[in-house]
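Keeping their order, the protein sequence lines are chains A, B, C, D, E, F and G.
Heads up, the first sequence is in my numbering, so the first residue is 809 and it goes up one at a time.
Heads up, the second sequence is in my numbering, so the first residue is 520 and it goes up one at a time.
Heads up, the third sequence is in my numbering, so the first residue is 7 and it goes up one at a time.
Heads up, the fourth sequence is in my numbering, so the first residue is -14 and it goes up one at a time.
Heads up, the fifth sequence is in my numbering, so the first residue is 4 and it goes up one at a time.
Heads up, the sixth sequence is in my numbering, so the first residue is 63 and it goes up one at a time.
Heads up, the seventh sequence is in my numbering, so the first residue is 22 and it goes up one at a time.
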Amino acid sequence: MELLIFAGLALVAGVSGLLVVVQRHAVYSALFLILTMGALAGIYILLDAHFVWVIQVIVYAGAIMVLFLFVIMLLDIRSEQAPWAAPDRGRILVAVLLSVVLLLELGIAVARRFVLAPAGGPAVARNFGTTQTVGRLLFTDFLFPFEITSIILLVAMIGAMVLAKKRLT
Amino acid sequence: MTSTRTMTLNMGPQHPSTHGVLRLVLTLDGEVVVKCAPHIGYLHTGIEKGLESKRYQQGIPLTDRMDYLAPLSNNLALVLAIEKALGVTLPERAQTIRVLLTELTRIKSHLVWLGTHALDIGAMSVFLYCFREREAILDLYEAVSGQRMMSSYFRVGGLASDLPPGFEDAVKAFLRTFPDRLAEYEALLTANPLWRQRTIGIGTIKREEAIALGLSGPGLRACGVAYDVRRAHPYSGYERYSFEIPLGKAGDVYDRYLVRMAEMRQSHRIAGQALERLTPGPVNVADPKLIPPPKPLLKRSMEALIHHFKLYAEGFSVPAGEVYHAIEAPKGELGCYLVSDGSPRPYRVHFRAPSFVNLQALPKMVEGCLVADVVAVIGSLDIVLGEIDR
Amino acid sequence: MRVPLEAYLILSAYLFALGVVGVATRRNALIIFMSIELMLNAVNLSFLAFARFLNSMDGQIFVFFVMVVAAAEVAVGLAIIITIYRNKETVDVAELNLLKW
Amino acid sequence: MLETLVIMLVKIGVVFGALLLTVAYMTWVERKVIADIQVRLGPTRVGPYGLLQPIADGLKLMFKEDLIPSQVDRVIFLLAPSLSIIPAFIAFAVIPFGDTTTLFGLLSRPVPLHITDIDVGVLFVFGVASLGVYGIVLAGWSSNNKYSLLGGLRSSAQLISYELSMGLSVVGVLLLVGSLSLVDIVKAQAGVSWWFGLLPVPNWFLFSQPVGFCIYFCCALAETNRAPFDLPEAETELVAGFHTEYSSMKFAMFFMAEYANMITVAALATTMFLGGWLGPVAPSPVWFLGKVFFLLFLFIWFRATLPRFRYDQLMGFGWKRLLPLALLNTAVTAIAAVRG
Amino acid sequence: MRLDYLPILILVVLAALFAGGSILLSALLGPRRPDPEKLSPYECGMEPVGTAREPFSIKFYLVAMLFIIFDMEIVFLYPWAVVFKQLKLFGLVAMGTFLLVLLAGYFYVWKKGGLEWD
Amino acid sequence: MLSSLWLIPVWPLLGFLWNGFFGRRIGKTAVGTIACGSVGLSLLASLGALGKLLARPAEARRVEQVLAPWIGAGNFQADWGLLLDPLSAVMILVVSGVGFLIHVYSIGYMREDPDYPRFFTYMNLFTFSMLMLVLANNYLLLYVFWEAVGLCSYLLIGFWFEKKSAADAGKKAFIVNRVGDFGFALGVMLLWTSLGTLRYDQVFAAAPAQLVAGGGVVTAITLLLFLGATGKSAQIPLYVWLPDAMEGPTPVSALIHAATMVTAGVYMVARSAPLFEMAPLSLSVVAWIGGLTAVFAATIALVQTDIKRIVAYSTISQLGYMFLGCGVGAYAAAIFHLMTHAFFKALLFLGSGSVIHGLSGEQDIRKMGGLRKHMPITAWTFLIAALANAGIFPLAGFWSKDEILYGAAAGGYGGVWALGAAGAFLTAFYMLRCYYLTFEGRSRVEPEAAHHLHESPPVMTVPLVILAVFAALVGFVGVPPEHGAYHRFVEPVFAGAKQVAGHAASVGEVPMAILSLAIALVGVWVATRFYVWRPETPDRVVGRYPGVYRTLLHKYYVDELYDALVVEPIRRGSLWLWRRFDEPVIDGSVNGIGALIRVGSLALRRVQTGYVMSYVLSFIVGVVAILGYFAFWR
Amino acid sequence: MRVCRFLRDDPDLAFDFLSDVTGVDRLKLPQASPRFEVVYNLYSLQHRRRLRLKVRVDEGEAVPTVTGVWETANWHEREVYDLFGVPFEGHPDLRRILMPDDWEGHPLRKDYPVEASPRWWEEEPA
């Protein structure tokens, strides 16, 4: 059952991930990216990340992708020419080849390091991945990174503000 | 880079908030109105031209179609101008009835204004409440003239007929409930922060600008100019009524709103006084050249028959010359300029339509406002396209 | 049937490689950006998988911070894209050589 | 196992059906209530008291011509209404609509009256609700009409702006409960306290978090595009709204999504602030429904009463008033929680 | 625990079926009589003048950007609220610091006019 | 409360950030409120911490808290750690308490300044750095904030950087400090190489075991550390920056002199007491340098005419006492003096600031006189401070100074004691001289300045009064000497160090106290005689010893000496290097390399397309390569 | 123009309010030449007095505009121009106001063919 659901979600994630990359129009890319993220959120549930999955939905799907869509619509970018247009063909070929090599390498690394890991993983505590656990960790062991986070967000806010307001002539 | 680029937007002529077939061409910078150019004429009916081919008494129904929300005021302007040219004075009762009915007309017109204005800004219930009150007044119209909207009740030299029995009680009943209802609407709007936010400081016009633009009626009074034809040049016996001229200060949408609300109260007051003054008596001048003799008389008096025949065959003629007579219509100064060549038909009739002049102030009012405010400002001008285009 | 760790990791690697392809081949800056998001998601998946299989919450917390970084990056990155677009009327990276001077 | 599954499916079916029915009849209720407020009659022709009106409306819409304007992006144009209605329906999955029941002894053991209870219930509702934005954005974009696009962008900007304050407004409650599970939140509101030893007041968070509730309610109005935040639908000045080009059943779906969202936010408000299903004497679902309908009535009442915001005022209100206020509420609650 | 999510999955499928079904149904049932006027975009009865897009862009972007940042903040607030009873004063201070920093940005944006719609 | 020690320094940090980012926008009132509020909050936090600390048994009054790991390179380990024990508790109280009052005072003093926000930004940073300095739990962190304090002082002294003298003074402070800091840094490095740790507790635990008491290493370490202290705390030979630091706004001077910067050196020496106790040579160096500085600076102060300079030299002199105390092993007394000094010195500065403010910028005491009638509050508080500084019973300075002198005598350091006693006499004399010339006698104020003469606003005088109360009374926490509440609190910190020093109570306490009081009274009497009863005496004395007077007036020509010995040779040498070496050799090679690179980059330029895509591609190649290495070869 | 300005600004006259501007085609009246009469209805808010000012011109002759004196004259004069064909000299925006831009003839002239069916105008250009 679990494997089945995983397979289904992985299939959705994989296919829509692929479509993100090959879609001609940015809006479709964005939509498939949302789908990918949704499928991943489902997989997160399988991984007992009970808090993270909903954060994935809220942050990625609910906020980040909305910003993407906004920008796409505001800029009103019509379809670019086919991604495999002639002048780019060489570079694309190289890039794809490289990626395949990368994938192979990753696969080998996985195979060499983690063969025979028990399926399903160890039994975890009942509160693994719950909001309580995340909160407790976040505000004890990870307090310092948490506070730094605020600085990152502050910088992002100010940076984006300045950029967006700037009028280049 | 981007903000200097302006965009042009068409509002109307088929737009729910332009109160008819008004078309505005807005030039926008972002959402701020830079320029506003009203285009009118979509409802041009040639009333002025048409009047030239009608006999005096026949022309009255045409005027109903001008400000179709206040037909009796239009009737009154024409009728008074003709009477002025003829130099007749009306009996007391006729004058009082005219005052009573035009004040009811004013209330009725303001009610429609209030309802649509509120609806434009999103308060939908007020609209329906206002129409409920308006229905009551329309019923009164129907009672006196048989018509609900285009009543054409006034005649040169008097009225079409005397009031029907029971009319006074009906008016009394209406006047009794009206103040409470009005207070209810005010409770919904006047202090409502949303309403104030949408209206205060919007569409402001200064006193001097208003005068230069020839604004009249509530729009002018909201700037603090106490000009009301009823008080400045009383007609139909207005000098004998006690009423106040409500004034505003800021000349913005909110002040125009307050002024109209107060005017409804004053109209209610005048109507009450008129009702008290209503004493039995004739409603027409005793001039057979103007008013057809009563039916029974025709069978007995030859003279009456001749008069009757003459009146209906060629009408009456007005001495050559010209007059201008203005009244205070709900929307402002409604003037009628009449040129007569001595024939039974007017040589030239021109109406100074208040909406026509008031609309001219719109560009000045909305420039610098947001697009969403344009609707509020139009609403506050209370224009009727029938009157603008004539 | 339980799912083995390798399955998650391979999915993650696959998505990551897809992101790489996208970044390297696309010319629309927005799509490139989305591909980067895809890569970040792939990494998150690995984090969570390891967290689950090592029975340690640290991975999950880390995903949190990755999301923060992603959010900040998107905010600033898209602001840059908008600025560029306003100047050049394009988001085609093949037509942008701002890094050269 | 089988019994669990069956019960689950039955619950899903009941909730889904009830939701559809409520959505349909909300339109009737709204028309009737507003008509009452506006001294009119409302629908009377179809069925007694116009009770069959929603069904007639539905049928009519179904048989209407399904216009797809030229030059639209067909796929997204078709997708958008679905994207707006699906989240609206699934958000209800975690809302508990009653205590446990044995259905008058029919069942062997008590069954809790909610479809599911997850650890992150509150967040689930918000997360799913935030997905509703896509329907609007995409509808606006795909219509290939500048009013639609602007309308869509405006609506979605409004939605996300108020989503923030909405999310913040409930943090106070969460501080007091310490759980995101909606069932826990309801249970935390059990009991009665005596004000000044005289006035019995239920332990609803409405009374300990009045500011939070007010903020939530404002945001709920804005989130569901209700008056006085109903610009997306009623802003006649400039933009006709994101669904200008939609007709027939697709239009109906936006409509249904709006009403379903309305019910969801009302149900969430009931759960978080009004003690959910809790209440004496009557069975728990009755209490729940009663409170939800009371809130819905408030929605309608507001619509009949208030004028509308202007767009800049609306955004300013959300960002400059509600957001700081919600943060302040959170801070005050937290400080109070530390001290007491 | 993961089983709790099964009903949600079922509900998603159900809702999707409903949505798809009703679209399909109306497509089958409704008449089809297209004509070019009917299919052209609505523009107040006039031909479109100019484009509506450009001047609005930055504000929408800013709103969405601020939304992301504050969304992140709220996302942190939830686990905080849940464990607050255990953190007590410490939690208050930790979150207070976090919020203060973000508030600084918020007021910066406010002062810079990022929250104005004009 | 103790678990959140970091609250204490974090408030000024927040104030700093806030004012730094938004100071220009939020208006002066808000800036001032935030700045003062943040320091006030940390004062409250400090008080809370003190309370918690007092509530614990004496042996448990030590809280250490590691906030975050910082550097962990190899076996080198340093943390962001805070340490609260009685010593640092006293220090944070002084820093935040006096600092708070100075902040409040500054609101009034700086009101007209256009750079108001910048000023408070620096002040908050200064306070923050100092708090971190005293709260640090290891030498590295100490060093970091040691530098930060130096930076702040540079910024603040040169606050009015449009003024050349101010900018120069800032630079001077920075450079002189650099010399000391260099020594300090060397000391810290030496400490680490010899002990392998920088945490105080670990250092002090390891030192006796790993270092030979009195040996070369520990002596070198302590002397280097002390070099740092002389820089920061303005001791011979590195004191020259401090008088010039008067160029900064008066509150800055007060902050530097009273609460923060200069005390850092004393604190550091006291903190390192266990190390110093192992190096008797260093101890006597400390004692002698301290004593010499005390007398030396006092003599200079005798003849200065700038009111702030007098106070500045008195600071140097008093710091000398503190080192003297440290040197003779009376650490507690030294810190006690540090504390009392903080109050009355802040008061002196703020008082003179108030005078300057009232006289529209006049600093020369020859152009003052008779001001008591116009500025009574300032005058009275100044008098209290002066007497406290002079060591008159029962004001604060008496108790602490007496204790140091007693410590010296009891420790058997006769010579040092004699220096101290001489200094005490001089101190009494110049302080009273300053007071009399400023506030008493005939007015010598310039007419137009006299016209605006006024008492300062309450926001300035209220801190004065508060400080006066403290300056008068704070000594009583140390009553009876050696056994007062203060000592019971602080003494345990130095318990470990004390074992080595021991106590040879050869002289009685009370007689010693009476003796030092007598010395001070003599000084007061002389001053009174000179400047009140016989105002012509000073001129006569000057006339008799013109050489001495001139030498003193020119501060022993030390600045000139430094110029001649250090600055000028360096300048000449640099010039020579520039001509003979720099131009032909360095420039030549640099240009050559440049040419080479130009040719090379022309070739590489083709790679540099400026297109993101190309960069991405090469980036990916790199990733693949690295990953390949890990996947296949490892 | 000077007269107008004087009428407005002189404190004893102070005709600051221009009520109305209209035209009369005197074709069928006695004294039919000059043919057109432009009538200005002035009002003084202060003294509550009306004044009627008339300018007579012949076919094709222009009347100086008073928009510089009373802003409100703008539309009134456009209307007179539209319906009578009397041009106004110096008018800022002299276009047809009520009739479509491409209308032929001036309807309020006495010789306007009322009975003839008008040429239907083109769809208004976008």
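Every residue gets a Cβ at the ideal spot worked out from N, C-alpha and C, and that includes glycine.
Could you confirm whether any beta carbon from chain D is found closer than 8 angstroms to the beta carbon of residue i?
{"i": "residue 521/B", "result": "Any answer about residue 521/B is weak, because its pLDDT of 41 lies below 50 and its placement is not dependable; what the coordinates show is given next. Chain D contact via Cβ: absent."}
{"i": "residue 38/E", "result": "no"}
{"i": "residue 942/A", "result": "no"}
{"i": "residue 104/E", "result": "no"}
Under 8 angstroms, do residue i and residue j count as touching if we go by C-beta distance?
{"i": "residue 897/B", "j": "residue 875/B", "result": "no"}
{"i": "residue 37/G", "j": "residue 730/B", "result": "yes"}
{"i": "residue 491/F", "j": "residue 588/F", "result": "yes"}
{"i": "residue 9/D", "j": "residue 39/D", "result": "yes"}
{"i": "residue 15/E", "j": "residue 75/D", "result": "yes"}
{"i": "residue 293/F", "j": "residue 352/F", "result": "no"}
{"i": "residue 197/F", "j": "residue 142/F", "result": "no"}
Could you tell me whether the Cβ of residue i comes closer than 8 angstroms to any Cβ of chain E?
{"i": "residue 563/F", "result": "Low local confidence applies: a pLDDT of 43 at residue 563/F is under 50, so the model's placement there is unreliable, with the coordinate-based value given in what follows. False, the Cβ-Cβ gap to chain E never drops below 8 angstroms."}
{"i": "residue 81/C", "result": "yes"}
{"i": "residue 184/D", "result": "no"}
Any idea if residue i is buried or exposed, counting beta-carbon neighbours within 10 angstroms, 16 or more meaning buried?
{"i": "residue 169/F", "result": "buried"}
{"i": "residue 101/F", "result": "buried"}
Can you check whether the C-beta of residue i is within less than 8 angstroms of a C-beta belonging to chain A?
{"i": "residue 85/E", "result": "yes"}
{"i": "residue 84/F", "result": "no"}
Thinking just about the alpha-carbon of each residue, which of the options is nearest to the one in residue i?
{"i": "residue 270/D", "options": "281/D, 5/D, 297/D, 256/D", "result": "256/D"}
{"i": "residue 298/F", "options": "94/F, 386/F, 575/F, 437/F", "result": "386/F"}
{"i": "residue 747/B", "options": "755/B, 765/B, 605/B, 732/B", "result": "765/B"}
{"i": "residue 723/B", "options": "889/B, 591/B, 693/B", "result": "889/B"}
{"i": "residue 86/G", "options": "112/G, 107/G, 63/G, 119/G", "result": "112/G"}
How would you list, in chain order, the residues of chain D whose beta-carbon sits under 8 angstroms from the beta-carbon of residue i?
{"i": "residue 711/B", "result": "291, 292"}
Cβ closer than 9 angstroms: which chain C residues qualify as neighbours of residue i?
{"i": "residue 71/E", "result": "77, 78, 80, 81"}
With 8 angstroms set as the bound, which would you pick, yes or no: does the beta-carbon of residue i sit closer than that to a beta-carbon of chain F?
{"i": "residue 79/E", "result": "no"}
With a threshold of 8 angstroms between beta-carbons, can residue i be considered close to chain B, or not?
{"i": "residue 39/G", "result": "yes"}
Check the Cβ-Cβ distances between residue i and every residue of chain C, and say whether any is below 8 angstroms.
{"i": "residue 881/A", "result": "no"}
Which chain E residues are close to residue i, counting only those with a beta carbon under 8 angstroms from its beta carbon?
{"i": "residue 853/A", "result": "5, 8"}
Can you tell me whether residue i sits near the ligand SAH, meaning its C-beta is under 7 angstroms from at least one heavy atom of the ligand?
{"i": "residue 268/F", "result": "Although the ligand SAH was asked about, the structure shown includes no ligands whatsoever."}
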